[in-house]
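Enquirer: What follows is a structure written as structure tokens; I'll ask about it next.
Numbering (this note's numbering), first residue to last: 376 to 556.
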């Protein structure tokens, strides 16, 4: 009986941890002023940052799927992509000698006109111990554009790794290692 109980507990723990690794929980907000429904855009990001460049590619992919066209010479609006990865607030109140504590990965996308007037903005973040924002970029981008062009606030979503939209994004970038190494 003890052996069966021990096996059940072991299996339960395995499934719990497997489920945690298979899901990404995001929290998102968006604000619409005059959200473009169609049009041509130019995407701007920190060109010296390889992660920002990859995030811009994911955003570009998503915008094209939504029907927007990329145009660098005469765009109707500009898309700004920025991100940060920082220790979780929880970490600031404790003393750890390891760098594997929780991290917040934050992605912000802003649509502006040529005079930098805000048209729309969306942001999403998730917390985990993996420092690589690229790993969860499909979930972050999908969440930001989930209800575009509507406003929403503090929208929490649990994305499974089998989500159709996020899997499609991952498949669009087969050269990327989607594991947190």
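C-beta: ideal position from N, C-alpha, C; glycine also.
What residue from 430, 416, 446, 556 has the CA that sits closest to residue 509's CA?
Expert: Here the closest residue by C-alpha is 430.
Enquirer: Using C-beta distances below 8 angstroms, list every residue in its chain close to residue 439, excluding the 5 sequence neighbours before and after it, in chain order.
Expert: Once the five neighbours on either side are set aside, the close Cβ partners of residue 439 are 445.
Enquirer: Write down the C-beta distance between residue 479 and residue 463 rounded to the nearest angstrom, noting that I regard them as a contact closer than 8 angstroms.
Expert: That belief holds up - the Cβ atoms of residue 479 and residue 463 are roughly 5 angstroms apart, short of 8 angstroms.
Enquirer: Run the CB neighbour count on residue 539, radius 10 Å, all protein chains shown included, and call it buried at 16 or more, exposed below.
Expert: Residue 539 comes out exposed.
Enquirer: Figure out for me which residue from 524, 545, 546 has the closest Cα to the Cα of residue 411.
Expert: Cα-wise, what sits closest to residue 411 is 524.
Enquirer: Note down, in chain order, each residue of its chain lying with its Cβ closer than 8 angstroms to the Cβ of residue 517, except the 5 sequence neighbours on either side.
Expert: Once the five neighbours on either side are set aside, the close Cβ partners of residue 517 are 437, 534, 538, 540, 541, 544.
Enquirer: Extract the residue ranges of the beta strand (DSSP E) inside the segment 486 to 511, only unbroken runs of 3 or more that lie entirely within it.
Expert: Taking only runs of at least 3 residues, the beta strand (DSSP E) segments lying wholly in the segment 486 to 511 are 493 to 503.
Enquirer: Pull up the distance between the alpha-carbon of residue 519 and that of residue 457, whole angstroms please.
Expert: If you take the alpha carbons of residue 519 and residue 457, they lie about 13 angstroms apart.
Enquirer: Looking at C-alpha atoms only, which residue of 554, 449, 401 is the closest neighbour of residue 507?
Expert: The candidate whose alpha carbon is nearest that of residue 507 is 554.
Enquirer: In whole angstroms, what is the alpha-carbon distance linking residue 460 and residue 481?
Expert: For residue 460 and residue 481, the distance between alpha carbons rounds to 6 angstroms.
Enquirer: What three-state label does DSSP hand residue 412 in the structure shown?
Expert: DSSP places residue 412 in coil when its eight states are reduced to three.
Enquirer: Between the C-alpha atoms of residue 484 and residue 442, what's the straight-line distance to the nearest angstrom?
Expert: Cα to Cα, the separation comes out at about 17 angstroms.
Enquirer: In this structure, how does DSSP classify residue 527 when only helix, strand and coil are distinguished?
Expert: It is a strand residue.
Enquirer: Which residues in the same chain as residue 384 place their Cβ atom closer than 7 angstroms to its Cβ, once the five residues preceding and following it in sequence are excluded?
Expert: With a pLDDT of 40 at residue 384, under the threshold of 50, the predicted position of this residue should be treated as unreliable, though the coordinate-derived value follows. So no residue of the chain qualifies.
Enquirer: Here's the rule: buried if 16 or more other CB atoms are within 10 angstroms of the residue's CB, otherwise exposed. What is residue 405?
Expert: It is buried - the Cβ of residue 405 has at least 16 other Cβ atoms within 10 Å.
Enquirer: Per DSSP, what kind of secondary structure is residue 477 in: helix, strand or coil?
Expert: Residue state, collapsed to three classes: coil.
Enquirer: Quick one: what does DSSP say residue 452 is sitting in, helix, strand or coil?
Expert: Note: residue 452 maps to strand in three-state DSSP.
Enquirer: Compare the C-alpha of residue 552 against each of 527, 530, 512 and name the closest.
Expert: Among 527, 530, 512, the Cα nearest to that of residue 552 is on 512.
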